[in-house]
Structure formats: structure tokens, C-alpha cells
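A short write-up of the structure that comes next.
Protein chains: 2
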Amino acid sequence: MSTRHVWRLARRPAGSIVTDDFRFGSEPIPELCDGEFLLRVRYLSLDPAQRVFIGDQEQFLPPVELGAPMFGLVVGVVEKSRKEGIAVGTLLSGAGEWADYIVSDGTGFTELPTFPGISLAATFGTFSLVGPTAYFGLLDIADPQPGETLVVSAAAGGVGQIVGQIGKLKGCRVIGIPGGPEKCAFVTEQLGFDACIDYKSVNVGDALDHLAPEGVDIYFEQVGGPIRNAVMERMKMFGRVSVCGMISEYNVTHADTQPSYWWAIMMRRLTVRGFIFDDYRARFPEAEKNLAAWMQSGQLTTRQDIRQGLENALSSLQDLYSGRNFGKLLLEVTP
Amino acid sequence: MSTRHVWRLARRPAGSIVTDDFRFGSEPIPELCDGEFLLRVRYLSLDPAQRVFIGDQEQFLPPVELGAPMFGLVVGVVEKSRKEGIAVGTLLSGAGEWADYIVSDGTGFTELPTFPGISLAATFGTFSLVGPTAYFGLLDIADPQPGETLVVSAAAGGVGQIVGQIGKLKGCRVIGIPGGPEKCAFVTEQLGFDACIDYKSVNVGDALDHLAPEGVDIYFEQVGGPIRNAVMERMKMFGRVSVCGMISEYNVTHADTQPSYWWAIMMRRLTVRGFIFDDYRARFPEAEKNLAAWMQSGQLTTRQDIRQGLENALSSLQDLYSGRNFGKLLLEVTP
Chain A
-13 MSTRHVWRLA
-3 RRPAGSIVTD
7 DFRFGSEPIP
17 ELCDGEFLLR
27 VRYLSLDPAQ
37 RVFIGDQEQF
47 LPPVELGAPM
57 FGLVVGVVEK
67 SRKEGIAVGT
77 LLSGAGEWAD
87 YIVSDGTGFT
97 ELPTFPGISL
107 AATFGTFSLV
117 GPTAYFGLLD
127 IADPQPGETL
137 VVSAAAGGVG
147 QIVGQIGKLK
157 GCRVIGIPGG
167 PEKCAFVTEQ
177 LGFDACIDYK
187 SVNVGDALDH
197 LAPEGVDIYF
207 EQVGGPIRNA
217 VMERMKMFGR
227 VSVCGMISEY
237 NVTHADTQPS
247 YWWAIMMRRL
257 TVRGFIFDDY
267 RARFPEAEKN
277 LAAWMQSGQL
287 TTRQDIRQGL
297 ENALSSLQDL
307 YSGRNFGKLL
317 LEVTP
Chain B
-13 MSTRHVWRLA
-3 RRPAGSIVTD
7 DFRFGSEPIP
17 ELCDGEFLLR
27 VRYLSLDPAQ
37 RVFIGDQEQF
47 LPPVELGAPM
57 FGLVVGVVEK
67 SRKEGIAVGT
77 LLSGAGEWAD
87 YIVSDGTGFT
97 ELPTFPGISL
107 AATFGTFSLV
117 GPTAYFGLLD
127 IADPQPGETL
137 VVSAAAGGVG
147 QIVGQIGKLK
157 GCRVIGIPGG
167 PEKCAFVTEQ
177 LGFDACIDYK
187 SVNVGDALDH
197 LAPEGVDIYF
207 EQVGGPIRNA
217 VMERMKMFGR
227 VSVCGMISEY
237 NVTHADTQPS
247 YWWAIMMRRL
257 TVRGFIFDDY
267 RARFPEAEKN
277 LAAWMQSGQL
287 TTRQDIRQGL
297 ENALSSLQDL
307 YSGRNFGKLL
317 LEVTP
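Quick note, the sequences are listed as chains A and B, same order. Under my numbering, the first sequence has 89 at position 103, and the numbering climbs by one with no breaks. Under my numbering, the second sequence has 96 at position 110, and the numbering climbs by one with no breaks.
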């Protein structure tokens, strides 16, 4: 094994990502130095925020530099090691390059926890990002109470499916907003959501008026745009909005043209709060313990949408922004 | 005493309030029924939200009906009583009509607390609305920490002056945004704010860049419009915005045209939260105890702007919306 395959950022996308924004190629794997190891990547996590990392808007971290490898969360197996304490065969996850082989000094990597009865894909897919996002974004940011109405956008996606199920465990009435009849059936029939609004076929506001005539206590925001507007107009007194993402606005150059709802925030005493999962890293063990217990007891189902082959990383990522994923999107890079 | 003077709403204002929107007249005082009392109004509180009560936007309470008496917070002395437990001479405060004499069954009225060394005007002016608004709006909504930068708009107004002083007591660095050099001197020299931005003479954003180059931890929002925008653009990570009011937008028909800052809320993990003082009624004793102690020890100064004569209620209220008040605006209705 002397070469690897890697995706590099060729230019910043103008609007939606297109093929020429990236370069996919092969290159020699450098010799390991002392303190480094070689990771064979098993899975790459594809997440909406990756569009943000390659833009030039305000963002969580410094953006990916032009010519640099694209990065995302990965899990892999150590194949060679010159780093003390990292044995060959160890399973590590963390932020890594879009590549089949990664040389690292271990910065940002941790051992992936393992749980009896939960597959590697489900463990990586759930515990690396979407699980803690859903867990803290719902429980800590929005403090759901029994009997409250919780609306979840992107409801069949990696985060949304978990948010809705935790909401049910906490006694909420859960309304999901996914796109398409198949996803609607999934969240109501498989995941136990109380109701579903297929935003591709009905008017979200009208549907909410019918399903939640008294309004919405908690909105788990992942999409921005007209869906957010429809929910914000129907927030109840003392409602909470957990601002997790706004995927419909990631490809837009000037996104800040949506209504503000400052008036509603004041009059209805709403709380609107942003977060990312990484803010809660110190409390990850709490989320892992509870999520794993719910999964093992069958109270929490996590669906992964697993694609094959590193060469399909870009087309798979593009699918996220048009809603063509169904569950947490993962790419199996090597078997 | 057989007649009273009263202000009634003649029509809903289109934009700024004008004289013809109200009628000021006299009318017979009805005979008291059993369970009623006659209150002679000493002071009427004039507050920004009163513009909201006479509009047809979404608001805290049902709006004032056309032809009905205008209302606001009042304090008065019971002159006659046919209500058990309410003795002549009792000092009562609550939501009442814009009138010199009010017949009431007591709904919404409570005894005004009295504190040694604090005048009636200061007690009513501070404890009926602006004190609890400032106290809970800062401490409960924004949780100020020592060393944090707190920005207060409408800083010389009834609420703003108290917010800034509580911020100082909690160890914050306090920047006030009032209008005009006299108010600027007041908040820095009399109230001990660390810095002041006179929005009428300088660019608020540039001034913030100079005074708070690392950004703003807490914004106490009372004004809306461009001042809010300038502060929102400079909020720090994990900042909190206490949404108390937006006076610059009360006279505007379609207010929801300001930037939303959803992106900043997400990326910087901001908390934006609306409230009104009345949400905290069960905790008023806590606020009263602490505010009174600070006032009695000289750590908290509250400035009232006291006008004379019920006939001047409307012109005094209009002054609020052009910033021509200086401190908590009160009208002395009877001596």
C-alpha cells in the first residue's frame, strides 16, 4: 500500500456544489514519522454543515483552504503505527480527510466506543455527530415537557429521526416534516412520530394549522427558509427554537433575507438558541449512555443511508442538499 | 367631586400617534356599587408598550377598544370605598384608566409597597414596571457574569438606567446607548456606566468596534432597527440577547423587515429570548427586596422624568417615541 485516494477542494462553490469544485485523485502515502499512524478509513460521515466548511461565510471553524483535502468525520482502523499507545487494529474516529488512507499524529481522533448489539455503521453514524446533536439540541436547548408539541424539520434525516424519537420518549406530541411519502411513512410507522407533514406535497402552514391548532411549543430547526417561517408563525407562548441548521440556506449567497420574527420572539416570549454538538463534548458520555440504552432496548431506531466507494463522496454529499438521503448519510470507504 | 377627566381612544393611529387619535373629556363619576371604591390617581406611568396597546398588531393583551378609556399603570389613593378590606387612604397601584378618578372593584390593583427613604414617585416609578423588567430581564434572561460586556440600548430610559447599574453590580463592563450628550454624561458620570455611545451623533457600529473590539456578551434590546443590527453583528460566541422592547418599530406598520441574524444565532450559539416583567410576578418580592436595598444603600439611582397634569398625558407619551424623556416617564395627575 503506497498510494491513497483523496478529495481536494479546487475552488469555492458558487451556490450549489458542482463536480468541478473538487478534484479526486491519487497520491503517494508518505512514510510515517515517529508519533504518527496510518488509518484505513472504514466510513466517512456526510453532513449538511460540510457545505459551510467550503464557503466563505462566517462559520464554525476556519474554512477548508483551496487545494487542501476536504475533511469530515471518519472512522477507521489503524494499519501501521509509530505512535505510542496506538496499536494496529485500533478503531479511531474524528475529523479526517476525505481519503481512503490518512496519516495522522492523532490530533482530534478518539477511540470509538463500542456497544453490544450495535453495528459499526450504527455506532459511528449515531455517536459521532447526530446522536449528541439530537440529544443536547433537544434536551438541553429546548427542555421538552410531557404533552408539548414538538415539530422537527428534516425529520427523516440523521438528526431529525433521533430528535423525534427522544421527543416521544419525553412525552411530547411529535410532528415531523420530511420530504416525500416514503419518509413520512417511515417516521410515523417505524419511528412512532404522531404526525407527518410532507413539505413536498402540502402547504406546511396549513398542515400545522390542522395538526397543531394551538401552536408549537418546540421547533427543532434544521432547514431555514419557508418551512422555518411557517413554524415560527405558529409558535406558542414561551416556545423554544433549537437552531441546529438551516440546510436550505447553505447554498445561497445572501441568506439573511428571511423574516426575523423579532416581534413574535418578544410578544410570545420565545427562546431562540443556536448550538452545535461539539459545545457538549464534556457531556458526550451522558448522551452515549442514554442513546445506547435506548437503542439496545429497541426504543430508538437509527437508520443509516450507506453509500459505497470514496469516488462517490461528492455525489453523495450533493444528495443531502436535495433531500435524496434517507437517514444518516454514510460512505463506506473500505470494507 | 362628581365629574372626572378621562382619555379615550378615538381611532387606531396610522404610524406615529397624533392628537386626533384620542379624545380628552370630562364625564360624571358613577355612584359606587357594593364592592367598589373610588381611586384618586396620583401618578400615571407612561411606557413604550402603550403604543402597542392601541395598534392592531399581535400584542401582550387584547388591544384597547375604540371609544374605551386608554389604560396604563397608575398609583392612587382610595377616596371612597364600599369594598371590604379597602380603607379610605389606602395607596393602590395597578392597570387603570388614563383618568384623574377611577371607579374599580379592585381587579388588577395591589397595595404599593413602601420603603423608608424612597419617595412615592420613585417607588411607583421603579417598582411597578421598570424595576422588575430590568431585574429579571437582565439577571434571569441574560445571566450576566463578571467581566462580560453588556450593551444597553435606551440606556437613560426607565429600564435602561437600572439594567446598566445592575450590570455594574454584577461585575460587567457596561456600554450604554442613549441619545444625546446630556444622557451620555448622565449614564457615565451619575450611574457609573463604563462607556456611552450617543446614537444621535456617532455610528453605533464603529463606536462598538472601538469600545468593545472583542464583541458583546449581552445585549439588552429595547429599540429595534439599526441599533439592534449594529449590536447583533458584534455579538460574541454564546452571547445572550434579552428582548425587552423595540420602540423604533412600534410606529411602523410592517416591522419585520430587519435582518434576522439567524446565521449569527447558529454560528455563534446565541440565545435570543423575549420576556415581559409580568411573567415574573410570582418573584416580584425578590426584585423589590434587592432593588430597594440597592437604592437605600446608594448603589442604585433611579431617575424619574415627572410631567404635570392629566391633560398632558398624550404629549408626554409622544415624547417617549422621539426620545424626549430623560428617565422613567411619569405624569403627576393630582397632587
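Even glycine gets a Cβ: it sits at the ideal position worked out from N, Cα and C. None of these values were measured; they are calculated from a predicted model.
>> Which residues of the region 247 to 267 of chain A have a Cβ closer than 9 Å to any Cβ of chain B? Give them in chain order.
In response: Cβ contacts with chain B come from TYR247, TRP248, TRP249, ALA250, ILE251, MET252, MET253, ARG254, ARG255, LEU256, THR257, VAL258, ARG259, GLY260, PHE261, ILE262, ASP265.
> Tell me, which residues are paired with LYS66 of chain B by DSSP?
Replying inline: Beta-bridge pairing links LYS66 of chain B to B:LEU24.
> Mind checking whether GLN290 of chain A and GLY309 of chain A have CB atoms under 8 Å apart?
Replying inline: With contacts defined as CB atoms closer than 8 Å, GLN290 of chain A and GLY309 of chain A fail to qualify as a contacting pair.
> Are the C-beta of GLU44 of chain B and some C-beta of chain A separated by less than 8 Å?
Replying inline: So, interface residue.
>> To be precise: take each residue of the region 207 to 223 of chain A, compare its Cβ to all Cβ atoms of chain B, and keep it if any distance is under 9 Å. Which residues remain?
In response: Those residues of the region 207 to 223 of chain A placed with their C-beta closer than 9 Å to a C-beta in chain B are GLU207, GLY210, ARG214, ordered along the chain.
> Does the separation of the CB atoms of LEU59 of chain A and SER302 of chain A fall below 8 Å?
Replying inline: No, the pair does not count as a contact, with Cβ atoms beyond the cut-off.
>> So MET232 of chain A contacts chain B; which residues on that side make the cut at Cβ distance below 9 Å?
In response: Near MET232 of chain A (Cβ distances below 9 Å), the residues of chain B are TRP248, TRP249, MET252.
> Would you say PRO245 of chain B faces chain A, with C-beta separation under 8 Å as the test?
Replying inline: Flagged as an interface residue toward chain A: PRO245 of chain B, by a C-beta distance shorter than 8 Å.
> What distance in whole Å lies between the Cβ atoms of VAL74 of chain A and ARG28 of chain A, which are believed to be in contact at a cut-off of 8 Å?
Replying inline: The Cβ separation is near 15 Å, so there is no contact.
> How about GLU56 of chain B and PHE8 of chain B: do their beta carbons lie closer than 8 Å?
Replying inline: Looking at the sequence itself, residue 56 of chain B is Met, so the reference to Glu does not match. Cβ atoms of MET56 of chain B and PHE8 of chain B: closer than 8 Å.
> Going by alpha carbons, who is nearest to SER283 of chain A out of A:GLN244, A:SER79, A:ALA141, A:PHE101?
Replying inline: The residue with the shortest Cα to Cα distance from SER283 of chain A is A:PHE101.
>> With H, G and I counted as helix, E and B as strand and the rest as coil, what does DSSP make of ILE163 of chain B?
In response: Note: ILE163 of chain B maps to strand in three-state DSSP.
> Among the residues of its own chain, which have a CB less than 6 Å from the CB of PHE179 of chain B, if the five just before and after it don't count?
Replying inline: Contacts found: GLY150, VAL160, GLY162, VAL173.
>> I need the straight-line Cα distance from VAL326 of chain A to CYS170 of chain A, nearest angstrom please.
In response: Residue 326 of chain A falls outside the range modelled here, since chain A spans only -13 to 321, and no answer is possible.
> Of the residues B:VAL190, B:VAL61, B:PHE206, which one's Cα is nearest the Cα of PRO199 of chain B?
Replying inline: The option with the nearest alpha carbon to PRO199 of chain B is B:VAL190.
> Can you tell me whether DSSP reads CYS182 of chain A as helix, strand or coil?
Replying inline: CYS182 of chain A: strand per DSSP, three-state reduction.
> Where does the unbroken beta strand (DSSP E) through PHE8 of chain A begin, and where does it stop?
Replying inline: Per DSSP, PHE8 of chain A is one residue of the beta strand (DSSP E) stretching across 8 to 14.
>> I need the DSSP call for PRO130 of chain A, collapsed to helix, strand or coil.
In response: If DSSP states are grouped into helix, strand and coil, PRO130 of chain A belongs with coil.
>> On the CB-based measure, 16 or more other CB atoms within 10 Å of its CB, does CYS19 of chain A come out buried or exposed?
In response: Taking all protein chains in view, the Cβ of CYS19 of chain A is surrounded by fewer than 16 other Cβ atoms within 10 Å, so the residue is classified as exposed.
>> Classify THR288 of chain B: buried if its beta carbon has 16 or more other beta carbons within 10 angstroms, exposed otherwise.
In response: Buried.
> Identify the residues that DSSP records as bridge partners of ILE292 of chain A: which are they?
Replying inline: By DSSP's assignment, ILE292 of chain A forms a beta bridge with A:LEU316.
> If the cut is a Cβ gap below 9 Å, which residues of chain B does VAL160 of chain A touch?
Replying inline: In chain order: nothing, as chain B lies at least about 22 Å away.
> Out of B:ASP305, B:ILE127, B:ILE292, B:ASN311, which has the shortest C-alpha to C-alpha gap to LEU317 of chain B?
Replying inline: The closest CA to that of LEU317 of chain B, considering only B:ASP305, B:ILE127, B:ILE292, B:ASN311, is found on B:ILE292.
>> Taking only three categories from DSSP, how would you classify SER(-12) of chain B?
In response: If DSSP states are grouped into helix, strand and coil, SER(-12) of chain B belongs with coil.
>> Closer than 8 Å between beta carbons: that is the criterion. Which residues of the region 26 to 38 of chain B meet it against chain A?
In response: So the list is empty, because no residue satisfies the distance condition.
>> Just to check my reading of the structure: TRP249 of chain A and GLU44 of chain B have Cβ atoms closer than 8 Å, yes? What is that Cβ distance to the nearest angstrom?
In response: Your pair TRP249 of chain A and GLU44 of chain B checks out as a contact, with CB atoms roughly 7 Å apart and the cut at 8 Å.
> VAL61 of chain A CB to nearest chain B CB: under 8 Å?
Replying inline: VAL61 of chain A does not count as touching chain B.
> Should PRO271 of chain B go down as buried or exposed, given a rule of 16 or more other Cβ atoms within 10 Å for buried?
Replying inline: By the Cβ neighbour-count rule, PRO271 of chain B is exposed, with fewer than 16 other Cβ atoms within 10 Å of its own.
> Of all the CB atoms in chain A, is at least one closer than 8 Å to the CB of VAL229 of chain B?
Replying inline: So, interface residue.
> Is there contact between the region 74 to 83 of chain B and the region -5 to 11 of chain B, where contact requires at least three CB pairs shorter than 8 Å?
Replying inline: Contact fails: fewer than three Cβ-Cβ distances are below 8 Å.
>> Between which residues of its own chain and GLN244 of chain A is the CB-CB distance below 8 Å, once the five residues before and five after are set aside?
In response: Only GLY210, GLY211, ARG214, ASN215, GLU235 meet the Cβ criterion.
> Can you tell which of A:PHE261, A:THR93, A:GLN304, A:LYS66 has its C-alpha closest to the C-alpha of PHE23 of chain A?
Replying inline: When only C-alpha atoms are compared, the closest one is A:LYS66.
>> Assuming the contact rule is C-beta atoms closer than 8 Å, LEU25 of chain B and ILE104 of chain B should be a hit. Round their C-beta distance to whole Å, please.
In response: Not a contact, Cβ separation roughly 21 Å.
> Using a Cβ-Cβ cut-off of 8 Å (strictly less than) and excluding sequence neighbours within five positions of ASP42 of chain A, which residues of its own chain qualify?
Replying inline: For ASP42 of chain A, where only same-chain residues beyond five positions count, the Cβ hits under 8 Å are ARG(-2), PRO49.
> What's the call for PRO34 of chain A, buried or exposed, on a 16-neighbour Cβ count within 10 Å?
Replying inline: Taking all protein chains shown into account, PRO34 of chain A has 16 or more neighbouring C-beta atoms within 10 Å of its C-beta and is therefore buried.
> In the DSSP assignment, what residue or residues form a beta bridge with ARG214 of chain B?
Replying inline: Answer is none; ARG214 of chain B lacks a bridge partner.
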